Amino acid sequence: MTLVNNILTILDTKIYPGESKEIDFDVANLHTSSPVNVPIIIERAKKPGPIVLFTAGIHGDEVNGVEIVRQLIASGINKPKIGTIICIPVINVFGFINLKREFPDGRDLNRVFPGTVDGSLASRVAHKLMHDIVPCVDCIIDFHTGGSGRFNAPQIRISKENRHLNELAKVFAAPFVLYSKNLNKSFRNSCYKLGKAMLLFEGGKSFHIDESITTHGVNGAKRVLKHLGMLNSQSKVTKPKTDTVFINESRWQRASFSGMFRATIPISSHVKKGDVLGYITDPYGKLNQAVKAQNSGYIINVNESPIVYQGDALFHVSTKLKR
């Protein structure tokens, strides 16, 4: 990917100012030899400006993120006033076809970055993304959801001590910002090493589209585009209903018993130590164990699985807020 004299070249395709293009991000065919097209939707304004990349579907079962990027495209939010907006709604199309988190080679795409040109299928996709798309991008917003039946409150995840990311996170205005380390071989960490600003959005759970979560994601994206001077006049920005809570530290509260689980506290709630968060029961009416908060804080993830085992993560609770 190159930008020379305001002519953007992606995968040997030139996109001039004011143009719209759809390019296929092809890596491999299915085992039936059928082609698998991963569309890259590019919208360029006539005026120069930042290049923003919206991505989703790194994990094939995280359909809520795909829906957010779809709405950005369907509503015309991706048509910038200045600069360029690139949308890749489904990066792991192989997993998306079967609603599986991993690639057909069994690898988690978000653990093989920056990838290699001659590695596994997942590694090749990672390499192509980092080599052919990311280099000229100024800002990336990557949409994810909770996995394994765990529902995430809408949140932005960034690393600490980064003023630019903190500013963008405040602009996005999700209900929560969770400071977390960049995981080795993740998309976020590889972008960080290239000096690319990335906001990682988490919200909802896999195999599920939640209207509230998609609304948070779309509205946050619009706020960032407005902040960058890119939002077109047809798109309106709404103010967040609550102030963003910045979380320095958090912990998982785990099940003390195996059994049938029912959470009774809404996601995003603030609880006090000792509050009842839910119940673990057995099928025979003998066990009815209350799950009580081990510390005060905000509930930023709830396990919605009806069956849990001893040691399973039930709630993700903040323990230390940024002051």
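Take the sequence shown: its position 253, counted from the start at 1, is 253 in this note's numbering, and no numbers get skipped. Using N, Cα and C, we set each Cβ at its ideal position, and we do this for glycine too. It should be emphasised that the depicted structure is a prediction, and the values quoted were computed from it without experimental measurement.
DSSP places Asn301 in the uninterrupted beta strand (DSSP E) bounded by 297 to 303. Residue burial annotation: Asp24 is exposed, with fewer than 16 other C-beta atoms found within 10 angstroms of its C-beta.
The C-alpha of Asp312 is placed about 27 Å away from the C-alpha of Thr214. DSSP places Val38 in the coil class of the three-state scheme, outside both helix and strand. For the pair Thr281 and Gly259, the CB atoms are nearer than the 7 Å cut-off. A buried status is given to Glu62, since no fewer than 16 other beta-carbon atoms sit within 10 Å of its beta-carbon.
A direct Cα-Cα distance of roughly 44 Å separates Asp105 from Ser233. For Lys185 and Arg111, the gap between their C-alpha atoms comes out near 5 Å. Around the beta carbon of Lys286, fewer than 16 other beta carbons sit within 10 angstroms, so the residue counts as exposed.
With at least 16 other beta carbons inside 10 angstroms of its own, Ala173 counts as buried.
Segment contact: the segment 142 to 154 against the segment 200 to 216, three or more CB-CB distances shorter than 8 Å; contact assigned. For Tyr179, the uninterrupted beta strand (DSSP E) segment begins and ends at 176 to 179. Under the three-state reduction of DSSP output, Val93 falls in the helix class. In this structure, the CA atom of Ser318 is about 28 Å from the CA atom of Cys139. Note on Glu102: 16 or more other CB atoms within 10 angstroms of its CB, so buried under the neighbour-count rule.
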